Amino acid sequence: MSIMVTGATGQLGSLIMENLLQLVPSSQIIACVRDLEKAKDLLEKGVEIRFGDYDQPDSLVEAFSGVANLLFISSSHPDDNVRLIQHSEVVNVALKAGVKHLLYTGFAFPPKGQIPANHVHLLTEQMILKSGIDYTFLRNALYMDFINVLGLKEAIQNGELITYPGNWLFNSVTRKDLALATAVVLTTTGHHNQIYELAAPRSWDFDELAEILSELSGTRIVHRQDSNIQHWIYSFLAKLDTASTSNDMEERLMGRPVTTLKESIVTFLQNE
Ligand SMILES: NC(=O)c1ccc[n+]([C@@H]2O[C@H](COP(=O)([O-])OP(=O)(O)OC[C@H]3O[C@@H](n4cnc5c(N)ncnc54)[C@H](OP(=O)(O)O)[C@@H]3O)[C@@H](O)[C@H]2O)c1
């Protein structure tokens, strides 16, 4: 049975492809990409490459032809209204093409009750449900990368981690872990019509982050809140449920612990 991955040349998609290539023969994998040049490596590994652009529905009709299992990685377009149009095209074409199983990478812990008018992920899930295609919703937690904008290097230099006031709690996971969990879903059975919250079993706060930075740097780093700190990330984070936890990744899919905050920071500091 063929497995197609859209966004296969993106950051998450590339990691999913790496995992898939370890788990099934390359002849079963199809990458759907909007830039064929970027997919040369995959082609060399024996993966079939098809052109598909969310903005060009006709290209998707050809791309999805004969595909049984379609992993639809959400669009990275900055405008949510555009994303919704793109997503609706993907779902419509998947239905017409006879896709049997549509897997979608949404966002973990969506708001309950009435769906906000521009909630791309929940509205896309609704479109998929309405299509009647068997689905799997892979609701991805906040990528661990967001710690990159918190000024960790400066905190180590100045002995102070300064954050915007609030009772912040974070559940964040690495793309690597998300990719493994997703590849497991794509290559094993029992996932039709399931919803997974791909998140960590525990959340963390800025005090813990300061403690880890202290431990790793060998100097004392104090956490201080300051309302003068201005960064777009805080208004973005305030709109999300970044505190809830789930065992779906560790217990139901990965069969190993998720990468911890400390392990992620080690990698981050090594790459700086
Ligand atoms: N959970 C989180 O914290 C979080 C954070 C950021 C984003 N996201 C969402 O998760 C998705 C995957 O994340 P990522 O890190 O892999 O993002 P990414 O590296 O930007 O990858 C996005 C992928 O979507 C493809 N794409 C964009 N527009 C397209 C179009 N019109 N037609 C076909 N393909 C298109 C891109 O193609 P190219 O390779 O040609 O660029 C790329 O492969 C993002 O798109 C976004 O919706 C989640």
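Read left to right, the sequence shown gives residues 895 to 1166 (our numbering). Quick reminder that beta carbons are idealized off the backbone N, C-alpha and C, glycines included. A quick note: this is a predicted structure, and the numbers were derived from the prediction, not measured.
Delimiting residues of the alpha helix (DSSP H) encompassing residue i
i	result
Phe1031	Taken as a continuous stretch (DSSP letters only), Phe1031 belongs to no alpha helix (DSSP H), being part of the beta strand (DSSP E) at Asp1028 to Asn1034.
Leu1055	Run containing Leu1055: none in the alpha helix (DSSP H); it sits in the beta strand (DSSP E), Glu1054 to Thr1057.
Glu1102	Phe1100 to Ser1111
Val1079	Arg1069 to Thr1081
Val1043	Element bounds for Val1043: n/a, residue is neither H nor E.
Length of the line joining the Cα atoms of residue i and residue j
i	j	result
Leu1155	Thr1068	9 Å
Ile1089	Lys932	31 Å
Glu1157	Thr1136	19 Å
Leu1036	Leu909	16 Å
Gly1000	Ala1049	32 Å
Arg977	Thr1113	45 Å
Ala957	Ala1094	34 Å
Ile923	Lys1024	27 Å
Asp1101	Gln1164	22 Å
Gln1020	Tyr1029	11 Å
Ala1002	Met898	23 Å
Lys934	Met911	13 Å
Leu1032	Glu1091	6 Å
Leu954	Asp1099	42 Å
Near ligand 1: residue i beta-carbon under 7 Å from a heavy atom
i	result
Arg928	yes
Leu1080	no
Thr903	yes
Phe1001	yes
Lys932	yes
Leu906	yes
Thr1154	no
Lys1069	Per the sequence presented here, residue 1069 reads as Arg, with Lys not at that position. True, at least one ligand heavy atom lies under 7 Å from that Cβ.
Leu914	no
Tyr1090	no
Asp973	no
Ile923	no
Gln980	yes
Ser969	yes
Gly1045	no
Asn1170	Nothing can be reported for residue 1170: it is not among the residues displayed for the chain, which extend from 895 to 1166.
Thr1136	no
Close-in-space but distant-in-sequence residues of the same chain around residue i (CB under 7 Å, 5 per side omitted)
i	result
Pro951	Glu983 and Val987
Gln980	Tyr948, Asp949, Ser969 and His971
Glu1054	Ile1115, Val1116 and Arg1118
Asp1120	Ile1056
Own chain partners of residue i with C-beta closer than 6 Å, once the 5 adjacent residues on each side are dropped
i	result
Arg1096	Thr1139
Val1078	Leu1147
Leu1072	Asn1034 and Leu1092
The beta strand (DSSP E) enclosing residue i, as first and last residue numbers
i	result
Leu1092	Gln1088 to Leu1092
Met898	Ile897 to Thr900
Please give the ranges of any beta strand (DSSP E) in the region 989–1016, keeping only runs that are unbroken, at least 3 residues long and fully inside the region.
995–1001
Enumerate, from N- to C-terminal direction, the unbroken beta strand (DSSP E) stretches of 3 or more residues contained entirely within the region 909–973.
923–927, 942–945 and 963–967
Can you check the region 1123–1161 for any alpha helix (DSSP H) of at least 4 residues that lies completely inside it and give the ranges in chain order?
1126–1132
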